[in-house]
Structures are given as structure tokens and as C-alpha cells.
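J.: Residue numbers are given in UniProt numbering: position 117 of the sequence shown equals residue 117, and the series is strictly consecutive.
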Amino acid sequence: MWTGKAIIQPGWAIFFGTAGDHVPHRHHAVQLVVGLTGTVGLWSEKSGELEGAGAVIAADHAHRLTGGRDPLLLAYVNRETDLGRQLDAWCGAGARALSAGQAEHLRGLLRQPECVTAQTLKRVVAIILDSAAASGTPPFHDPRIAQLLATLPRPLPERISTSELAARVSLSPGRFGHLFRAHTGMPLRPYLRWLRLQQALASVAQGYRLTEAAHAAGFADSAHLSRSFRRTFGIPPQVLLNPAFSLKTGLE
1 MWTGKAIIQP GWAIFFGTAG DHVPHRHHAV QLVVGLTGTV GLWSEKSGEL EGAGAVIAAD
61 HAHRLTGGRD PLLLAYVNRE TDLGRQLDAW CGAGARALSA GQAEHLRGLL RQPECVTAQT
121 LKRVVAIILD SAAASGTPPF HDPRIAQLLA TLPRPLPERI STSELAARVS LSPGRFGHLF
181 RAHTGMPLRP YLRWLRLQQA LASVAQGYRL TEAAHAAGFA DSAHLSRSFR RTFGIPPQVL
241 LNPAFSLKTG LE
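#1: Measure from the alpha carbon of Leu152 to the alpha carbon of each residue in His28, Gly218 and Trp2, then state which is nearest.
#2: Under 6 Å Cβ to Cβ from Arg64, same chain only, skipping five residues before and after it: list those, please.
#3: Distance check for Ala89 and Glu158, CA to CA, integer angstroms please.
#4: Within the same chain, show all residues whose beta-carbon is closer than 7 Å to that of Ile8, passing over the 5 residues directly before and after it, in chain order.
#5: Short check: CB of Arg193 to CB of His27, under 8 Å?
#6: Which same chain residues end up closer than 6 Å to Arg189 when comparing Cβ atoms and leaving out the 5 residues on each side of it in sequence?
#7: From Glu104 to Pro155, what distance separates their C-alpha atoms?
#8: In this structure, does DSSP put His27 in helix, strand or coil?
#9: Return the residue from the list Ala59, Ala62, Gly38 and Ala58 that minimises the CA-CA distance to Gly52.
#10: Can you list, in chain order, the residues of its chain with a C-beta nearer than 6 Å to that of Gln31? Leave out the 5 residues immediately preceding and following it.
#11: Measure the alpha-carbon distance for Gly1 versus Gln112 and round it to whole angstroms.
#12: Along the beta strand (DSSP E) that carries Gln86, what are the first and last residues, could you check?
#13: Starting from Leu156, follow the beta strand (DSSP E) in both directions and report where the run begins and ends.
#14: Suppose the cutoff is 7 Å on Cβ atoms and the five residues either side in sequence are ignored; what does the same chain contact list for Ala132 look like?
#15: Let me make sure I understand the geometry here. Which of Asp82, Arg96 and Ala62 has the alpha-carbon closest to that of Leu50?
#16: Since Glu80 and Ala62 are thought to touch, with beta carbons under 8 Å apart, how far apart are those beta carbons, to the nearest angstrom?
#17: Look at the Cβ atom of Gly54, then the Cβ atom of Leu98, and state whether they are nearer than 8 Å.
Encoded structure:
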């Protein structure tokens, strides 16, 4: 049974707690696994059995956690984000183990999950890549994109076109796409997909049933939400209904 705390924001999510049973699976996010009190074990389709302080698992790569019930830190980063591409390239086609020093540094950086931000994740990637380049770079900010994101309708409509959004900020679709990626770190379509998941999970956290949460976020039905959730995280959204599971989305 999954128990613990999860935080989801556009492009990334973090889980702290104990992982429940799950079969070998794959998902579109690059996954970071770190043991909070000891080692972690996992099986990877291409890398075989791994055990150590932590690991990074490539996107769309079959894997399964094999350790016991010790608490874990799991981070999911969309591969289409700038940080996701860096992590995916670092771990290669399968899974790559972290050193004990890297894992210890990450535990210290992420010890307060409610304080984790996109800038924190940049520092996480810098630690893993053994580079200071990502840690001190100020985030790109475009006020037009920021205002647009703040005024997106809730729930999101089923169809949102790039040209429509570009026209709202008086930009060409090409220029809008470039600035949007620079501002958010990811292209428009995956950003909206993560935003829908974030909105659906915020409804679940407020006590909505999955069907109600799906409709509130612009999914066609609960099956559509479940497919998107499983494709992103490798587990069904029903695990969030466990009373021992705490969820934070930033939309409450």
C-alpha cells in the first residue's frame, strides 16, 4: 500500500513515503529514486537488478522497485522539459545508480518536500550531473506568458490551440512557442497535460470522486484520467484515495 506525501506541479512531481506493490511498468517521466533511511532496490529491463543509495531511471523504460518497505523519495520529471532531457541523457537507455554522496546531498536538499520548487529541481539535476551550471542560473521570466498562465480558464477547455493563445498575447505562434518553452521549461502540450493532472488531483484531494475530478479538469472521463496518470507515473490514480496518502498540488 502506498503511504506518504505527494506534490505535483506542471512538469514534475515528488513522492515521500513507502511504495506499494506494483508490476514492472514504464512511464513518460524520468524517475529519480533515493532511499531516505537506507538502500533501495529496483529491477530495470536493460540494467537488471540494482541496489544502492539511489538511481535515475530513463523515461519509457520498464522497471520495478524491488526493495522492502523503507521510506523512499521518488521524483518524476517530464522528459520533454529541459531538466528531463538532461537527466534522461545522463542515465542512458536504462537505469543508472547514484553514488552515496549524491544521494546524501539530495536527501538534505529535499528534506522539506513542501518547500520544493522548480529551482530546487535545477539544483537536484546539477548535483546528479556533477555540475554547478544549473544551480545558479536565474529563471527566465516573460511577463506576457506569466499573465497568460495566470488567466487560463479553470477547468481547461478540451481543446486549446497554440495560435489562439499566441493571439491573446499578440505574438506569432512560432515566437509564442519559443517564449513559452523558455518561461516554463517545456512545450505547451505537455505543460497543459501536466496542468490537467494537477487540477484533477487537486479535486481528488478535496474529496471528489475520480469521475468528478476527471470532468473538472477537462478529461473525457475517469478512464481518460486513469490512462494519463498511469502513463505519467506508472500507477493508477486510485492509490491517491488511500486515507494514509497526502496530496499537495498548489491549487488548493
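In this text, a Cβ means the ideal position worked out from N, Cα and C, and glycines have one as well.
The model shown is predicted, which means the values in this text are computed figures rather than measured ones.
T.: Short version:
#1: Just measuring C-alpha positions, the residue of His28, Gly218 and Trp2 sitting nearest Leu152 is Gly218.
#2: Hits under 6 Å: Pro24 and Trp43.
#3: Computed Cα separation, rounded: 33 Å.
#4: Result list for Ile8: Leu197, Gln198, Leu201 and Thr249, in chain order.
#5: Cβ atoms of Arg193 and His27: not closer than 8 Å.
#6: When the five nearest sequence neighbours on each side are left out, no beta carbon in the same chain lies closer than 6 Å to the beta carbon of Arg189.
#7: Their backbone Cα atoms lie some 40 Å apart in a straight line.
#8: The answer is coil: DSSP assigns His27 none of H, G, I, E or B.
#9: Scanning Ala59, Ala62, Gly38 and Ala58 for the CA closest to the CA of Gly52 turns up Gly38.
#10: Only residues of its own chain outside the window of five on either side were considered, and among them Ile57 and Tyr76 have a CB closer than 6 Å to the CB of Gln31, listed in chain order.
#11: A small correction: the amino acid at residue 1 is Met; Gly does not occupy that position in the sequence shown. Computed Cα separation, rounded: 23 Å.
#12: Run containing Gln86: none in the beta strand (DSSP E); it sits in the alpha helix (DSSP H), Asp82 to Cys91.
#13: Taken as a continuous stretch (DSSP letters only), Leu156 belongs to no beta strand (DSSP E), as it is neither H nor E.
#14: Summary for Ala132: the model assigns pLDDT 47, below 50, so the residue's position carries little reliability; its value from the coordinates is reported in the next sentence. Apart from the 5 residues on each side of it in sequence, Ala132 sits with its Cβ closer than 7 Å to the Cβ of Ala126 in its chain, given in chain order.
#15: Minimum Cα distance to Leu50 is reached at Arg96.
#16: With 8 Å as the limit, Glu80 and Ala62 do not qualify as a contact, their Cβ atoms being about 20 Å apart.
#17: For Gly54 and Leu98, yes; Cβs fall inside 8 Å.
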